[in-house]
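Here is the structure we will look at.
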Amino acid sequence: MVNEASGSAAERRQRPRGDAAHAAALGVANLNPFGDLHTLQHLSARFARGLRHVFEPILRRATRSWAEPLSVMRFADYVAERPKALTAWLPMAIRPAGGAVTGHALLVLDGRFTLELLDLYFGGLGEAPAPLPSEFSPAAEALVERLGRTIAEPLAAAWEPVARLELTAGRTEINAAMLHDFDGEDAVIVTRFGIAAASDKPVFVDLVYPVAALKPIGPSLNTRVIGRTADPEPKWRNGLTRAAMGVRFPVRSVLAEPTMSLGALMELKEGDVIPVSFGQFVPIMVGTHRLGTGVVGTQNGRAAICIHHLEQLDLEDEQP
Numbered sequence: 011m012v013n014e015a016s017g018s019a020a021e022r023r024q025r026p027r028g029d030a031a032h033a034a035a036l037g038v039a040n041l042n043p044f045g046d047l048h049t050l051q052h053l054s055a056r057f058a059r060g061l062r063h064v065f066e067p068i069l070r071r072a073t074r075s076w077a078e079p080l081s082v083m084r085f086a087d088y089v090a091e092r093p094k095a096l097t098a099w100l101p102m103a104i105r106p107a108g109g110a111v112t113g114h115a116l117l118v119l120d121g122r123f124t125l126e127l128l129d130l131y132f133g134g135l136g137e138a139p140a141p142l143p144s145e146f147s148p149a150a151e152a153l154v155e156r157l158g159r160t161i162a163e164p165l166a167a168a169w170e171p172v173a174r175l176e177l178t179a180g181r182t183e184i185n186a187a188m189l190h191d192f193d194g195e196d197a198v199i200v201t202r203f204g205i206a207a208a209s210d211k212p213v214f215v216d217l218v219y220p221v222a223a224l225k226p227i228g229p230s231l232n233t234r235v236i237g238r239t240a241d242p243e244p245k246w247r248n249g250l251t252r253a254a255m256g257v258r259f260p261v262r263s264v265l266a267e268p269t270m271s272l273g274a275l276m277e278l279k280e281g282d283v284i285p286v287s288f289g290q291f292v293p294i295m296v297g298t299h300r301l302g303t304g305v306v307g308t309q310n311g312r313a314a315i316c317i318h319h320l321e322q323l324d325l326e327d328e329q330p
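Residue numbering for the sequence shown follows this note's numbering, starting at 11 and increasing by one per position.
Right, dumping it as structure tokens:
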């Protein structure tokens with residue numbers, strides 16, 4: 011998947027799903043108690059913007075990532091919909107801040123994509139074995155769990171406008187039947203994310219939330235979130251840049267710093283001369299930081315310093 015050309019393939023799931031909101035029907039349980047799930051779709055879009063930073067270091071290429079429309083279904087239906095091939099199922103414990111674990115989300119990765127990532131991780135070209143093995147190696151399982159730990163931080167940040175959650179990756183499974191916290195009749199919310207490098211065919215990563223695990227924060231999910239985009243508004247950013255560039259700093263040069271004993275200082279009187287000496291280059295200072303060195307001279311009848319060398323000044327490393 012990593013190296014296949016996309017051609018004219020649409021960047022969408024193979025089978026369209028229905029709306030997240032389900033109309034009530036006689037004798038049919040309501041799988042979705044959270045309404046239209048607009049808030050969760052918004053949070054998924056926030057998370058998708060940061061997801062590419064998780065995969066770019068492994069893919070070693072610039073990538074695009076986006077959130078697909080989410081859907082609500084029974085867990086058994088979700089498992090039946092997936093291809094009958096090697097799949098990585100990674101439970102991630104959901105713990106509201108200061109509370110107990112309310113359930114487990116699932117990070118779901120296609121086996122081929124997982125093995126391609128593993129090959130890239132160890133310096134290969136992103137090739138999966140053909141045919142696919144029936145199970146993952148310990149290295150592949152460790153990579154999936156590492157991805158889960160890496161994803162946990164941006165995922166928690168995406169959820170922050172609604173709830174403070176801690177997500178902890180568990181152990182990788184290759185069989186959905188081995189997931190003890192998931193029953194086939196459980197209602198789940200499926201959020202799907204597309205990832206594509208350059209013109210390659212996109213791959214999809216799923217995050218599956220059990221409805222029961224989200225019920226403690228249900229009231230928050232029914233409240234629409236109005237958030238800013240991740241990137242600063244260009245006009246505001248440009249104005250801030252112009253303002254920062256206009257800040258004025260005192261620039262000074264120290265020609266000499268002679269030392270004298272206290273006794274000699276006490277004996278000084280008007281007309282005395284303090285001898286000074288300095289080399290060809292004098293330091294140029296901005297505040298307490300050395301900007302570089304220069305040569306003392308004149309320009310247009312005024313004393314001036316010609317810059318000879320500039321130091322590399324890393325402002326991020328300076329402490330206030």
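Positions of the beta carbon are idealized from the N, C-alpha and C atoms, including for glycine.
These figures come from a predicted structure and were not determined experimentally.
Checklist entry - V305 CB to nearest chain C CB: under 8 Å? => result Of the chains in the structure shown, none is chain C; there is only one protein chain.
Next on the checklist: Within a Cβ cutoff of 8 Å, which residues of the same chain sit near R71, ignoring the five residues on either side of it in sequence?
Outcome noted: A207, A208
Next on the checklist: Distance check for R252 and Q309, CA to CA, integer angstroms please.
Outcome noted: 30 Å
Checklist entry - Hey, would you say I227 sits closer than 8 Å to P106, going by beta carbons? => result yes
Item to check | Exposed unless 16 or more other CB atoms sit within 10 angstroms - verdict on I161 | outcome: buried
Item to check | Member of F291, L53, C316, A152 whose CA lies at the smallest distance from the CA of A167 | outcome: L53
Checklist entry - Below 8 Å between beta carbons: does that hold for L125 and A179? => result no
Next on the checklist: Would the stretch 89 to 96 count as touching the stretch 168 to 175 if we require 3 or more Cβ pairs under 8 Å?
Outcome noted: no
Item to check | Under 8 Å between C-beta atoms of V292 and G304 | outcome: yes
Next on the checklist: Quick check for students: name the residue ranges of the beta strand (DSSP E) that lie wholly in the stretch 61 to 87, counting only runs of 3 or more.
Outcome noted: 73 to 77, 81 to 84
Item to check | M102 - partner residues in DSSP beta bridges | outcome: A115, A179
Next on the checklist: Given this structure, state the Cα-to-Cα distance separating H63 from R74, to the nearest angstrom.
Outcome noted: 10 Å
Next on the checklist: Suppose you measure from the CA of H48 to the CA of V154; what does that come to, to the nearest Å?
Outcome noted: 29 Å
Checklist entry - Which residue or residues does DSSP assign as beta-bridge partners of G97? => result First, the amino acid is wrong: residue 97 is Thr here, not Gly. Answer is D120.
Checklist entry - With 16 other CB atoms within 10 Å as the buried threshold, where does P26 fall? => result Because the pLDDT at P26 is just 48, under 50, the model does not fix this residue reliably, and the value given afterwards should be weighed accordingly. When all chains shown are included, P26 counts as exposed.
Next on the checklist: In whole angstroms, give me the CA-to-CA distance for L175 and L320.
Outcome noted: 48 Å
Item to check | Length of the line joining the Cα atoms of R312 and L61 | outcome: 58 Å
Checklist entry - With a CB to CB cut of under 7 Å and the five nearest residues on each side skipped, what residues in its chain are close to L127? => result I68, L153
Next on the checklist: According to DSSP, is L36 part of a helix, a strand, or is it coil?
Outcome noted: Its pLDDT being 39, under 50, L36 is placed unreliably in this model, and the value from its coordinates should be taken loosely. Looking at L36 - three-state DSSP - the assignment turns out to be coil, as it is neither helix nor strand.
Item to check | Residue range of the unbroken alpha helix (DSSP H) whose run includes L231 | outcome: 228 to 231
Checklist entry - Rounded C-beta distance between R84 and D196? I'm assuming under 8 Å. => result 7 Å
Next on the checklist: So, with DSSP's three-state summary, where would you put L142?
Outcome noted: coil
Next on the checklist: Is it buried or exposed, F146, if we count other Cβ atoms within 10 angstroms and call 16 or more buried?
Outcome noted: buried
Next on the checklist: Judging by CA-CA distance, which residue of L278, Y219, L250 is the nearest neighbour of A115?
Outcome noted: Y219
Item to check | Nearest to P212 (by Cα), restricted to the options S271, F288, D120 | outcome: D120
Checklist entry - Once you ignore the five residues that flank A314 on each side, which residues in its own chain have a CB closer than 7 Å to its CB? => result G307, T308
Item to check | Three-state secondary structure assigned by DSSP to L190 | outcome: A quick correction: the sequence has His, not Leu, at residue 190. It is coil, neither helix nor strand.
Checklist entry - Residues bridged to H299 by DSSP? => result V296
Checklist entry - Which residues in the same chain have their Cβ closer than 8 Å to the Cβ of V264, if we skip the five residues on either side of it in sequence? => result V292, P293, M295
Item to check | Coil, strand or helix - P268 by DSSP | outcome: coil
Item to check | Exposure of G108, with buried meaning 16 or more beta-carbon neighbours within 10 Å | outcome: exposed
Checklist entry - Where do the N-terminal and C-terminal ends of the alpha helix (DSSP H) with P164 fall, by residue? => result 148 to 169
Checklist entry - Can V200 and D216 be called in contact, C-beta distance under 8 Å? => result yes
Next on the checklist: DSSP three-state label for A314, please.
Outcome noted: strand
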